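Read the structure below first, then the notes.
In the numbering used here, the protein residues as written are 488 to 668.
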């Protein structure tokens, strides 16, 4: 809970609402509000106490900026993203710091698939075949068996071995069961 929500919760309890009602309002467990109320009664504040352990190197705004840099440079490694962030904000962070921040933003490293490049003649032949069969119905297609499981690319594959793509989870391809529903 944010500090403003914590103060609002204390205000609701002081106004006569029960701890359970306040917990339902904020959609948290009643023990959270109970501990908050006990803290307020003893310290007269709801500001979070310092936590044990190493403090975070980056602030939430910097975490968002790390995700933006990775999205703008999808082929950059986490070490490269870290160096770009260091150059722009001037705070020293490591690649080990960058990876969890990107995971919190829903970005995960994926090695791009290797695709066989298509020649100009192959592209033309495929386009012609598609134009000839554009009006086929389901019964026409039921007599066709596709055996070619290769992946093809219009451009030659120029990926580096160490290159990764930072991909959003919701952009990953759907499997067959998701397409049928």
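From the three backbone atoms N, C-alpha and C, an ideal C-beta is built for every residue, glycine too. Predicted model only: the values in this text are computed from it and were never measured.
| Asked | Found |
| --- | --- |
| Taking the beta strand (DSSP E) that residue 594 belongs to, which residues open and close that run? | 594 to 597 |
| In angstroms with no decimal places, state the Cα-to-Cα distance between residue 612 and residue 626. | 24 Å |
| Tell me, to the nearest whole angstrom, how far the beta carbon of residue 565 is from that of residue 586; I am working on the premise that it is less than 8 Å. | 5 Å |
| Leaving out the 5 sequence neighbours to the left and right, which residues in its chain are closer than 8 Å to residue 515 when beta-carbon positions are compared? | 488 |
| Given 8 Å as the limit, is there contact between the stretch 499 to 517 and the stretch 529 to 549, that is, 3 or more CB pairs closer than that? | no |
| DSSP has residue 547 in a bridge; who is on the other side? | Paired residues: none, contrary to the question. |
| Given a threshold of 16 other Cβ atoms within 10 Å of its Cβ, counted over all protein chains shown, does residue 589 qualify as buried or as exposed? | buried |
| Given a cut-off of 8 Å on the beta-carbon distance, is the pair residue 557 and residue 548 in contact? | no |
| Below 8 Å on the Cβ atoms is my contact criterion, and I expect residue 493 with residue 523 to pass it. Report the Cβ-Cβ distance as a whole number of Å. | 6 Å |
| Buried or exposed: residue 520, going by 16 or more other Cβ atoms within 10 Å of its Cβ? | buried |
| Got a sec? Which residues, its chain only, sit under 7 Å from residue 581 by beta carbon, not counting five neighbours each side? | 569 |
| Helix, strand or coil for residue 498 per DSSP? | helix |
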